[in-house]
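Novice:
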Amino acid sequence: MPIRSGIVFLLMAAAPLAAAPLVAAPPDTASTYPVDPAAIERLGPAWRRPQAGWIVLHIEGQPYDRGYQHGRLLATEIAGYLHDLAIYRSSKAPADAWRDLRLIADAVFLRKFAPELLEEMKGIADGAAAAGATFLGRPLDLLDIVTLNADVETTFLDDALESTPHGLEGRRFAEPAERPRRPPAESHCSAFAATGPATADGQIVIGHITMWNLFHASHYNVWLDVKPSRGRRVMMQTYPGGIMSGLDYYMNDAGIVVCETTLAQTRFHAAGTPLADRIRRALQYGDSIDQVVAILKEGNNGLYTNEWLLADAKTNEIAMFELGTHQSRLWRSSKDEWFGGTKGFYWGCNNAKEQAVRLETLASLEDRPANVVFHPSDRDRKWLELFDQSRGKIDANFGFHAFTTPPLAAAHSLDAKFTTGAMAKRMETWARFGPPLGRAWTPSESERQRFPAMAPLIGEDWTILRMDPPRSPAPGTKPAVDLAGKPGGAPPAVDRVARPAWRGTILPAAPADTWLAAAFADYERIVAAETAALAQKGSSAVAISERVELRLFGPTSRYLTAVARRGGKDIPLLDTQLDLRSDEWYQIASGKGVLILAELRGLMGARRFDEFMDGFGRENAGKPVVSERFFAAAEKALGRSISDEKSVWTSDRPLARLPRFAQARAASGRIWAVDTFERSLDHVLIVHGTLAESDAQREAAVALQRQLAARWANILVPIKADRDVSDDDLRRAHVLLIGRPAVNSLAARWARAWPITFGPASFTLGERTYANPLTSVVAAGRNPLAGDRSVVIFAGLSAVATWNLPNQLPDRGGPSAEVLIHEAGGTGRPCLAPLPEHEPQALSAGNVTQQKGGAQP
Numbered sequence: 001m002p003i004r005s006g007i008v009f010l011l012m013a014a015a016p017l018a019a020a021p022l023v024a025a026p027p028d029t030a031s032t033y034p035v036d037p038a039a040i041e042r043l044g045p046a047w048r049r050p051q052a053g054w055i056v057l058h059i060e061g062q063p064y065d066r067g068y069q070h071g072r073l074l075a076t077e078i079a080g081y082l083h084d085l086a087i088y089r090s091s092k093a094p095a096d097a098w099r100d101l102r103l104i105a106d107a108v109f110l111r112k113f114a115p116e117l118l119e120e121m122k123g124i125a126d127g128a129a130a131a132g133a134t135f136l137g138r139p140l141d142l143l144d145i146v147t148l149n150a151d152v153e154t155t156f157l158d159d160a161l162e163s164t165p166h167g168l169e170g171r172r173f174a175e176p177a178e179r180p181r182r183p184p185a186e187s188h189c190s191a192f193a194a195t196g197p198a199t200a201d202g203q204i205v206i207g208h209i210t211m212w213n214l215f216h217a218s219h220y221n222v223w224l225d226v227k228p229s230r231g232r233r234v235m236m237q238t239y240p241g242g243i244m245s246g247l248d249y250y251m252n253d254a255g256i257v258v259c260e261t262t263l264a265q266t267r268f269h270a271a272g273t274p275l276a277d278r279i280r281r282a283l284q285y286g287d288s289i290d291q292v293v294a295i296l297k298e299g300n301n302g303l304y305t306n307e308w309l310l311a312d313a314k315t316n317e318i319a320m321f322e323l324g325t326h327q328s329r330l331w332r333s334s335k336d337e338w339f340g341g342t343k344g345f346y347w348g349c350n351n352a353k354e355q356a357v358r359l360e361t362l363a364s365l366e367d368r369p370a371n372v373v374f375h376p377s378d379r380d381r382k383w384l385e386l387f388d389q390s391r392g393k394i395d396a397n398f399g400f401h402a403f404t405t406p407p408l409a410a411a412h413s414l415d416a417k418f419t420t421g422a423m424a425k426r427m428e429t430w431a432r433f434g435p436p437l438g439r440a441w442t443p444s445e446s447e448r449q450r451f452p453a454m455a456p457l458i459g460e461d462w463t464i465l466r467m468d469p470p471r472s473p474a475p476g477t478k479p480a481v482d483l484a485g486k487p488g489g490a491p492p493a494v495d496r497v498a499r500p501a502w503r504g505t506i507l508p509a510a511p512a513d514t515w516l517a518a519a520f521a522d523y524e525r526i527v528a529a530e531t532a533a534l535a536q537k538g539s540s541a542v543a544i545s546e547r548v549e550l551r552l553f554g555p556t557s558r559y560l561t562a563v564a565r566r567g568g569k570d571i572p573l574l575d576t577q578l579d580l581r582s583d584e585w586y587q588i589a590s591g592k593g594v595l596i597l598a599e600l601r602g603l604m605g606a607r608r609f610d611e612f613m614d615g616f617g618r619e620n621a622g623k624p625v626v627s628e629r630f631f632a633a634a635e636k637a638l639g640r641s642i643s644d645e646k647s648v649w650t651s652d653r654p655l656a657r658l659p660r661f662a663q664a665r666a667a668s669g670r671i672w673a674v675d676t677f678e679r680s681l682d683h684v685l686i687v688h689g690t691l692a693e694s695d696a697q698r699e700a701a702v703a704l705q706r707q708l709a710a711r712w713a714n715i716l717v718p719i720k721a722d723r724d725v726s727d728d729d730l731r732r733a734h735v736l737l738i739g740r741p742a743v744n745s746l747a748a749r750w751a752r753a754w755p756i757t758f759g760p761a762s763f764t765l766g767e768r769t770y771a772n773p774l775t776s777v778v779a780a781g782r783n784p785l786a787g788d789r790s791v792v793i794f795a796g797l798s799a800v801a802t803w804n805l806p807n808q809l810p811d812r813g814g815p816s817a818e819v820l821i822h823e824a825g826g827t828g829r830p831c832l833a834p835l836p837e838h839e840p841q842a843l844s845a846g847n848v849t850q851q852k853g854g855a856q857p
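Terminal number for the sequence shown in the numbering used here: 857, no gaps in between.
1. Looking at C-alpha atoms only, which residue of A518, A742, E699 and H734 is the closest neighbour of R439?
2. Cα separation between L362 and R267?
3. Count the C-beta pairs between the segment 785-802 and the segment 720-739 that are closer than 8 Å, then say yes if the count reaches three, no if not.
4. Just tell me which of N371, A533 and F631 has its CA closest to the CA of V548.
5. Helix, strand or coil: which one does DSSP assign to L437?
6. Label S446 either buried or exposed according to how many other C-beta atoms from any shown protein chain fall within 10 Å of its C-beta, with 16 as the threshold for buried.
7. N350 to F109, Cα distance in whole Å?
8. By the 10 Å Cβ neighbour count, where 16 or more other Cβ atoms means buried, how is G622 classified, buried or exposed?
9. Which residues mark the beginning and the end of the alpha helix (DSSP H) in which E524 is found?
10. From the DSSP output, in three-state form, read off H70 for me.
11. Who are L805's beta bridge partners in DSSP?
12. Buried or exposed for K478, going by 16 or more other Cβ atoms inside 10 Å?
13. Any idea if R581 is buried or exposed, counting beta-carbon neighbours within 10 angstroms, 16 or more meaning buried?
14. According to the neighbour-count rule (16 or more other Cβ atoms, all chains shown, within 10 Å of its Cβ), is S245 buried or exposed?
15. Tell me whether the segment 770-780 and the segment 36-43 touch, counting them as touching only if at least three CB pairs, one residue from each stretch, are closer than 8 Å.
16. With 16 other CB atoms within 10 Å as the buried threshold, where does R496 fall?
17. Taking the Cβ atom as the reference point for each residue, do N213 and G53 lie within a distance shorter than 8 Å?
18. For R171, which residues in the same chain have their Cβ closer than 8 Å to its Cβ, ignoring the five residues on either side in sequence?
19. Identify, in the order they occur along the chain, each residue of the same chain with its Cβ nearer than 8 Å to the Cβ of G231, setting aside the five sequence neighbours on each side.
20. Leaving out five residues on either side along the sequence, give the residues of the same chain with a beta carbon under 7 Å from the beta carbon of R49.
21. Note the first and the last residue of the continuous beta strand (DSSP E) segment covering E317.
22. With a 10 Å radius around its C-beta and 16 neighbouring C-beta atoms as the bar for buried, classify T505 as buried or exposed.
23. In the DSSP assignment, find the unbroken beta strand (DSSP E) run with N306 in it and report its ends.
24. Just to confirm, are I124 and I145 a CB contact at a threshold of 8 Å?
25. Helix, strand or coil: how does DSSP classify W98 here?
26. With H, G and I counted as helix, E and B as strand and the rest as coil, what does DSSP make of K720?
27. Are the CB atoms of P815 and P830 within a distance shorter than 8 Å?
28. At a cut-off of 7 Å, would you count D675 as near the ligand NAP, judging by its Cβ distance to the nearest heavy atom?
29. Just the C-alpha distance for L303 and L275, rounded to the nearest angstrom, thanks.
30. Should A75 and A128 be called a contact, given that it needs their Cβ atoms to be closer than 8 Å?
31. Go ahead and pull the three-state DSSP assignment for I506.
32. To the nearest whole angstrom, what separates the beta carbons of F794 and V778, a pair I think is in contact under 8 Å?
33. If you measure between the beta carbons of F345 and F387, is that distance less than 8 Å?
34. Let's test the definition: count the other Cβ atoms within 10 Å of the Cβ of N301 and tell me whether it reaches 16, buried, or not, exposed.
35. On the DSSP letters alone, give me the boundaries of the alpha helix (DSSP H) that N371 sits inside.
36. Starting from the N-terminal side, write out each stretch of the beta strand (DSSP E) that is 3 residues or longer and does not extend beyond the segment 613-700.
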């Protein structure tokens with residue numbers, strides 16, 4: 001792993017000893033994260049699926065074939081990582097930076113890779129290009145993928161050249177003084193390996209934690225399973241497009257497990273072979289510690305100097321291998337070689353133990369003096385403290401404990417992984433992506449200024465990564481609609497209002513005329529949007545109708561929810577009275593008014609109605625208007641009496657003569673919008689889940705609390721965990737649930753409250769299923785314990801998506817919606833779920849009471 005990376009551990013076995021667990025092990029969260037069929041993408045024998053923040057990718061076959069599978073299935077992520085690497089090198093001129101990186105990769109690395117690995121990288125490039133991956137308007141190519149895989153070594157090239165003699169070292173010149181040596185790069189990886197006398201059962205335990213910069217961290221969540229046509233099956237943590245790990249945590253089907261911590265950079269050997277080539281071949285063709293060490297050492301170019309920890313689950317042997325450029329040192333448990341006397345235990349934390357390797361960081365010993373004395377760092381001391389506490393008892397619990405113990409779990413930790421002998425034989429590992437202590441790692445102010453798009457890193461749950469192939473989908477299963485798209489998803493449909501549908505602002509003559517004055521303006525916006533949509537090319541009638549219904553939903557919801565808050569009691573329009581201590585009277589009058597005008601438009605026909613409204617508005621602009629005068633004018637325009645309709649409209653039970661859309665909403669109880677609760681913020685409760693992804697949910701709850709307070713009211717909504725909330729709490733509040741049913745027990749209990757169906761890591765709305773881990777949804781429904789309250793679920797399909805939701809709330813005063821879908825992290829798309837026995841009609845806003853083919857504009 002990079003010098004800004006992780007921690008590693010190894011332990012070896014003799015006779016089993018009594019074990020006293022250090023900490024209680026988390027549950028096998030692999031059972032908490034069942035594979036959601038909707039989230040699986042397939043390409044021949046290859047597949048990918050999400051798991052607790054990881055992208056689990058399986059590829060197999062000949063070199064080019066498996067590369068092509070990799071490129072096709074991770075095309076979006078590969079293009080994104082390439083873009084970010086270029087930005088990281090130069091935020092002001094990323095294209096120039098990438099050109100320079102390609103030149104270095106072409107000159108220094110390209111021709112040093114084994115043909116098999118070049119074929120695999122060529123396949124990755126072609127597969128990604130075939131899926132649409134581009135950079136600067138061109139398809140990705142082989143050199144792009146070589147540059148990606150050489151990036152870690154390129155990063156250390158400056159330091160390596162600084163350590164490589166040029167011939168003038170030690171010579172004295174009159175002036176000027178030589179430039180000072182650059183400070184060493186920060187080094188933050190840690191790892192351990194244990195066996196025999198140190199472990200509880202005499203078998204191996206080995207693990208690794210990574211600390212690096214936030215910009216790169218989010219890309220290292222690929223768990224890659226390579227089943228090659230020749231050699232060993234290899235699994236590794238890597239990045240999109242990687243043929244090697246980069247953070248260097250590997251295992252193969254011969255029981256070999258390898259990880260590393262970066263050391264201070266030693267000299268560069270220009271004729272040598274890239275580490276990316278050697279470590280990949282070591283795992284693909286190494287059956288023993290001897291073979292892995294031999295391949296790593298042969299033809300070493302010296303870049304990315306590491307201390308490797310190795311374990312063999314077949315023999316329970318562990319080893320520690322410090323590899324400089326020309327100098328190295330191997331400690332082996334089979335030879336009873338223990339640095340510091342830690343029998344059965346090796347550890348690494350970026351502090352070279354072998355003096356000969358430390359000396360290779362200097363271009364000359366005859367130049368300015370350098371302190372190369374070994375002394376323990378704070379992490380060295382912490383490893384020894386943990387070893388002293390647990391010798392003879394090390395097991396899986398040690399991994400959980402070590403990797404949640406500072407300073408091993410430092411502020412910039414981005415993951416943790418470990419495995420046991422039994423797990424390694426099954427090619428399984430415990431893993432956690434994101435900060436192991438659970439707190440989100442957010443960009444600093446300087447990082448935000450340099451990289452505005454830098455995203456926080458969210459702590460996921462511990463999980464067991466294993467390579468069980470997913471079951472074949474059931475016949476007729478449709479793939480999720482958000483898997484093949486680019487990050488950000490499709491932009492929401494935008495209503496382009498070309499011109500007003502009618503003009504004129506009218507005033508109410510009395511409170512009984514409130515409905516007309518308010519709806520005259522509110523309904524105009526809906527009709528104008530419909531008219532603009534009809535003028536757009538490519539808009540289907542059904543799509544336009546869906547958008548019209550969405551706009552009608554706002555006033556319908558405000559009307560019907562106000563009635564619900566009044567215990568089901570409506571207010572006749574003519575009985576409307578101003579009440580300074582409530583706004584229910586206004587929500588009923590204005591909402592019902594829009595629906596009356598929509599019904600009237602259906603009776604008249606769109607064109608005649610719009611012309612009538614324009615004439616009436618111009619004639620009465622700025623004047624108080626009595627409702628009876630409006631009805632009389634409408635009857636004249638229609639050419640018949642509307643006394644029957646008017647008597648129902650103005651009564652306290654008007655739904656029988658309002659649009660079928662509103663009738664269906666009332667009949668089904670689907671009246672709540674995702675923002676209804678904001679009108680009663682002092683009666684709201686946030687409930688986050690604890691079944692899984694609890695850290696992200698808890699932080700999301702706090703973020704939502706702050707967002708709601710900052711939006712206007714400055715009310716801090718109370719927060720409770722699902723396991724702590726009572727039914728009495730729930731009856732009194734609009735409930736905001738954080739987390740989908742798989743991770744929030746209250747959401748699971750109330751799963752039927754929303755117009756969407758949840759899978760373990762997916763949801764379905766109508767006939768569309770969504771399963772991208774970055775997708776999230778906000779949906780409103782009726783509180784099952786209180787008919788006058790709503791329940792709104794804020795559910796991401798991963799911890800990251802849930803954590804981000806509070807930052808994606810729509811602006812106050814925007815269109816109301818029953819559901820907001822943030823597809824692959826994009827802008828929220830407001831929508832309505834189909835009602836039972838109700839399908840969108842290809843009709844105008846004023847004709848939603850009719851069958852298809854009704855009155856036309």
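Even glycine gets a Cβ: it sits at the ideal position worked out from N, Cα and C.
Computed from a prediction, not measured in an experiment: that's the story for all the values here.
Specialist: Taking the definition as stated:
1. E699
2. Between the C-alpha atoms of L362 and R267 there is a straight-line separation of about 8 Å.
3. When Cβ pairs closer than 8 Å are counted between the two stretches, the segment 785-802 is seen to touch the segment 720-739, the count reaching three or more.
4. Put simply, of N371, A533 and F631 the residue whose alpha carbon is nearest the alpha carbon of V548 is A533.
5. Correct three-state label for L437: coil.
6. Classification of S446: exposed, given that the 10 Å Cβ count is below 16.
7. 25 Å
8. Exposed is the call here.
9. Where E524 is concerned, the enclosing alpha helix (DSSP H) stretches over T514 to A535.
10. helix
11. None, per the DSSP bridge assignment.
12. By the neighbour-count definition (other C-beta atoms within 10 Å, threshold 16), K478 is an exposed residue.
13. exposed
14. buried
15. yes
16. Its pLDDT being 46, under 50, R496 is placed unreliably by the model, and nothing is read from it.
17. no
18. Closer than 8 Å at Cβ, skipping near neighbours: no residue.
19. The beta carbon of G231 sits closer than 8 Å to those of Q284 and Y285, all from its chain and outside the five residues before and after it, given in chain order.
20. V35, A39, I40, V56 and P470
21. E317 to L323
22. exposed
23. N306 to D312
24. yes
25. helix
26. strand
27. For P830 and P815, yes; Cβs fall inside 8 Å.
28. Questions concerning the ligand NAP fall outside what the structure shown contains, since it holds no ligand whatsoever.
29. 7 Å
30. yes
31. coil
32. 5 Å
33. yes
34. buried
35. It is not in any alpha helix (DSSP H) - N371 carries neither H nor E in the DSSP assignment.
36. 684-688
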